[in-house]
Amino acid sequence: MRLGPLQELNADQAGFRDRLVARRGGVHGPFEVLLRSPLLGERTEALSTYCMRDSALPPRLRELTLLIAARHFDAQHSWNAHRGKAVGTGLDPTALDRLARGEDPRFDRADERILHRFAVQALTVHFVDDDTYATALAEFGEAALVDLVVALGTFATLALVLNIFEVDLQPDQEPPFPDVPGFQHNGPTQEES
């Protein structure tokens, strides 16, 4: 990780750390970085917890949303932390393997295909066409669609924190994306495109 371990915690950082340990069993992933800004960390943790535990989307689609954002932002740490959970909610591991390789995942379930199409449009062109929007609204309803959009933004934030500060992959995990060695992307950058 680009930021070394905190040697001394101030009272706000110590309080945030203690709350993270109580709620999450430790200070992991992006929260290792966010410990430096405990008020922001508290609010980000509350929002990410809502997105993963309380969202109007079912757990399977919450996990899919996170994995789509993780893949889009090359956040290997997030992918590794959630792939097993995603499979546990009923997502097809073969489709997830295709998604990790940057291929069309070819999801079997209609709601997964709709969510994937919506999320990819939102993340790549920053808009969603009328047909995709109408299909997603009909499938998920207003509350879940709002939750989906906010979850994409929240997971994007966490992915950027993980990548910019180079939070190490879990020691027992291999990098999941063949085109992302370490914290560098093998494809062209936006400046080169």
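Residue numbers (this note's numbering): 28 to 220.
Note that the Cβ used here is the ideal one computed from N, Cα and C, for glycine as well.
Best match in Ala96, Gly53, His104, Arg51 for proximity to Pro198 [C-alpha to C-alpha] | On the sequence shown, position 171 is the one that residue 198 refers to. Nearest option by C-alpha distance: His104.
message = Quick check: the stretch 156-167 against the stretch 135-145, are at least 3 beta-carbon pairs closer than 8 Å?
response = yes
Hey, which unbroken runs of the alpha helix (DSSP H) at 4 residues or more fall wholly within the stretch 65-127?
65-76, 86-99, 103-115, 120-127
| said: With a threshold of 8 Å on Cβ separation, who are the neighbours of Val177 within its own chain once the five nearest residues in sequence on each side are excluded? | reply: In the sequence shown, residue 177 corresponds to position 150, counting from 1. So the list reads Leu74, Cys78, once near-sequence residues are dropped.
Can you say whether Thr121 is buried or exposed, counting buried as having 16 or more other CB atoms within 10 angstroms of its CB? Start at 1 with the first residue of the sequence shown, and residue 121 comes out as number 94. It counts as exposed.
inquiry  = Can you give me the C-alpha to C-alpha distance between Pro202 and Asn107, rounded to a whole angstrom?
reply    = The residue you call residue 202 lines up with position 175 of the sequence shown. The residue you call residue 107 lines up with position 80 of the sequence shown. Cα to Cα, Pro202 sits roughly 8 Å from Asn107.
What residue from Leu93, Leu150, Leu175 has the CA that sits closest to Leu123's CA? Here residue 123 refers to the residue found at position 96 when the sequence shown is read from its first residue. Nearest option by C-alpha distance: Leu93.
What would DSSP say about His153, mapped onto helix, strand or coil? Translated into positions along the sequence shown, residue 153 becomes position 126. His153 falls in the coil class under three-state DSSP.
Item checked: 6 Å CB neighbourhood of Leu126 in its chain, flanking five on each side removed -> Locating residue 126 in the sequence shown gives position 99, where the first residue counts as 1. Result list for Leu126: Arg98, Pro132, in chain order.
(Q) Is the beta carbon of Leu62 closer than 7 Å to that of Gln40? (A) To locate residue 40, count along the sequence shown from 1; it is residue 13. To locate residue 62, count along the sequence shown from 1; it is residue 35. Yes, the Cβ-Cβ distance between Gln40 and Leu62 is below 7 Å.
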